[in-house]
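Chains as they are written, first to last, in this note's numbering: chain A, 13 to 362; chain B, 13 to 362.
Even glycine gets a Cβ: it sits at the ideal position worked out from N, Cα and C.
Every value quoted in this text rests on a predicted model; they were computed, and no experiment measured them.
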């Protein structure tokens, strides 16, 4: 029987993995990984270091695991999830050389993406994960993967970003073509749990990084954390000013474009349109546009959010909002649809 | 202090998570999840079921966690990774309402993607993961994510595929526009660890599925397992027939297109081109094109692989192969480049 123990570090092993290691007759591992689990290993177990195996290391490590398993041994192969290759696929490919059946069991671990995210804050939403350390994948495929993920608002996570400098530079180039320069990127070194949160434009090869997480259009930084809000709905009373404004809106009596007659102009810097003087999404409770809570008051403050007042956002929202908005109460009753419109327009225009 | 315990099932908890649960004064959890961890919970701990919290369940669960934490309690919030929402982002968003600092620690778990993959075989390579159960994300964004992932050879994984039937149907439609009908899909029900491996064309809403994994161009099925090979390099002696053939190839004496004069024609069904009568990638050791090992003989059998003999593959390979192939020994010396060419052309033409 062969146990494939997925591994990033000792802390991330499950009880099932720990037991499998303890009960193994034979451990096959890179020395590098073995050092981290050796106190879990039974003294009677025989240990083979992959570095000592003749060339074609990974293939021969699988061959060794299979031959020991055919002898009736219980073998554990430590399969590092974030390095160049794990063994998961390879063991099945090599096993299919033989007619004798072997019982292969994969012990999943905390994946690098969950592990690094927990260090970084809460950066995840829908996510695309690429490994740069597979030299058998052509650049053309990896570049397409990068491009398509970034164009569709995925969080993009990259194992071993610095494995190949040329590829790393292409990645930065492509990213700058698609994303804003100040897009947030978290760089984590899984070895020592260190992290840095930087801007895309500052990305360079001096990073000590084993894993990168590129934020999406909604990702923001708070203190030393990177957070991607997954949206939630806050319903609240509609205050009288808002009610008044949206009654006028429904009667086509509210401003269109910049309202030069307004006493409060300029209320924000760089304001382009007053169509949504009161925000139809208020309170969004989501900081990617600059809004924030006034601490301890349960009041959402939009002073720093200019997005709703930009022409592109205004245009996008009008098109969709006017189709569903028929009475002021809709601001609460149709909050779910409204938040979808907000997200769609943010994605298109931010 | 608030511990966010990422959770899919008890088996997948790490030691760190188990200890955090044990040491909590307060546990906040859906009853559904609590049932699975209750024997880990200290008898003195106070337990709050989220179902019993007044509306805006998740928001109020976070508010409760925060208020208890402000009282000095050690709180654990069980955050189901694969259901509608985990708490990871929300807790940070709600915490930012208050000036008092709270220590939030996220305990990562085996992610649903690693867990389900371990049940299915070894389906992973670069992967895009989408959650269908967030009603606040517009379909337009999800459709773009599906389309772009499938166009760039990602494995596509979907949490809660059947959360919304309309979205599920759109997903199938889009997939059929981009992928072959017989693309492999694994459907896993995390609750009972059951799995099915089906073809894209057979996907329907009767599936009992909490997680789907859509294979890429290279994914194949063996027995009841779904495997995506991540490529590996097998170097071997160049046999005399191969040597002879490629010497002719270098002298432009080998066939171009179908060789009607060949005594062995038709050697394969549906053969379109004989340019690579001997395969420059032999042995690829990778079953996605129909090749397989002859059991116990260490011989790779290409009888069932027609891909190299199709016109589109032939054309793609010629273009790239002729640029790097200068002597017969290159079949081994440039194996890495050759396998990249193989992958690139497979992706383009399969």
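Own chain, CB closer than 8 Å to residue i, minus 5 neighbours either side, in chain order
i                     : result
residue 356 (chain B) : 328 and 332
residue 202 (chain A) : 20, 21, 94, 124, 127, 128, 222 and 223
residue 86 (chain B)  : 13, 15, 35, 36, 37 and 38
residue 67 (chain B)  : none
residue 157 (chain B) : 140 and 142
residue 206 (chain B) : 200 and 220
Sequence-distant residues of its chain with Cβ nearer than 7 Å to residue i (five each side left out)
i                     : result
residue 24 (chain B)  : 121, 122 and 127
residue 184 (chain B) : 215
residue 48 (chain B)  : 21 and 22
Exposure of residue i, with buried meaning 16 or more beta-carbon neighbours within 10 Å
i                     : result
residue 301 (chain A) : buried
residue 93 (chain A)  : buried
residue 277 (chain A) : exposed
residue 291 (chain B) : buried
residue 178 (chain A) : exposed
residue 279 (chain B) : exposed
residue 64 (chain B)  : exposed
residue 90 (chain B)  : buried
residue 17 (chain B)  : buried
residue 227 (chain A) : buried
residue 338 (chain A) : exposed
residue 84 (chain A)  : exposed
residue 181 (chain A) : exposed
residue 204 (chain B) : exposed
residue 326 (chain A) : buried
residue 306 (chain B) : exposed
residue 317 (chain B) : buried
Rounded Cβ spacing between residue i and residue j (contact assumed at less than 8 Å)
i                     : j                     : result
residue 230 (chain A) : residue 240 (chain A) : 6 Å
residue 161 (chain A) : residue 145 (chain B) : Not really, about 21 Å apart at Cβ, beyond 8 Å.
residue 232 (chain B) : residue 297 (chain B) : Wrong, their Cβ atoms sit about 12 Å apart, outside the cutoff.
residue 189 (chain A) : residue 104 (chain B) : With 8 Å as the limit, residue 189 (chain A) and residue 104 (chain B) do not qualify as a contact, their Cβ atoms being about 31 Å apart.
residue 210 (chain B) : residue 132 (chain B) : Wrong, their Cβ atoms sit about 12 Å apart, outside the cutoff.
residue 62 (chain A)  : residue 40 (chain A)  : 7 Å
residue 74 (chain B)  : residue 46 (chain B)  : 17 Å between Cβ atoms; not a contact.
residue 262 (chain A) : residue 285 (chain A) : Not a contact, Cβ separation roughly 18 Å.
residue 191 (chain A) : residue 174 (chain A) : Not confirmed; about 20 Å, so no contact.
residue 250 (chain A) : residue 343 (chain A) : 6 Å
Three-state class that DSSP yields for residue i in the structure shown
i                     : result
residue 64 (chain B)  : helix
residue 183 (chain B) : helix
residue 160 (chain A) : helix
residue 313 (chain A) : strand
residue 258 (chain B) : helix
residue 321 (chain A) : helix
residue 26 (chain B)  : strand
residue 32 (chain B)  : helix
residue 111 (chain A) : coil
residue 69 (chain A)  : helix
residue 92 (chain A)  : strand
residue 196 (chain A) : strand
residue 48 (chain B)  : helix
residue 348 (chain B) : helix
residue 55 (chain B)  : coil
residue 176 (chain A) : coil
residue 122 (chain B) : strand
8 Å Cβ cutoff, residue i in contact with chain D
i                     : result
residue 225 (chain B) : Here the protein chains are A and B, and chain D is not one of them.
Same chain, Cβ closer than 6 Å to residue i, five either side skipped, listed in chain order
i                     : result
residue 349 (chain A) : 336
residue 237 (chain A) : 133
residue 258 (chain B) : 340
residue 42 (chain B)  : 62
Closest residue to residue i among the options (Cα-Cα distance)
i                     : options                      : result
residue 293 (chain B) : B:247, B:307 and B:306       : B:247
residue 309 (chain A) : B:109, B:261 and B:362       : B:109
residue 253 (chain A) : A:320, A:98 and A:340        : A:340
residue 260 (chain B) : B:353, B:31, B:299 and B:288 : B:288
residue 176 (chain B) : B:154, B:163 and B:361       : B:154
residue 168 (chain B) : B:64, B:186 and B:52         : B:186
residue 267 (chain A) : A:242, A:303 and A:330       : A:330
residue 138 (chain B) : B:213, B:163, B:347 and B:50 : B:163
residue 71 (chain B)  : B:172, B:360 and B:102       : B:102
residue 81 (chain A)  : A:136, A:344, A:117 and A:56 : A:117
residue 151 (chain B) : A:149, A:151 and A:165       : A:165
residue 78 (chain B)  : B:111, B:29, B:342 and B:344 : B:111
residue 295 (chain A) : A:273, A:320 and A:275       : A:320
residue 324 (chain B) : B:283, B:119 and B:249       : B:283
Any non-hydrogen atom of the ligand ZN closer than 7 Å to residue i Cβ
i                     : result
residue 352 (chain B) : What this structure holds is no ligand at all, so the ligand ZN is not there to describe.
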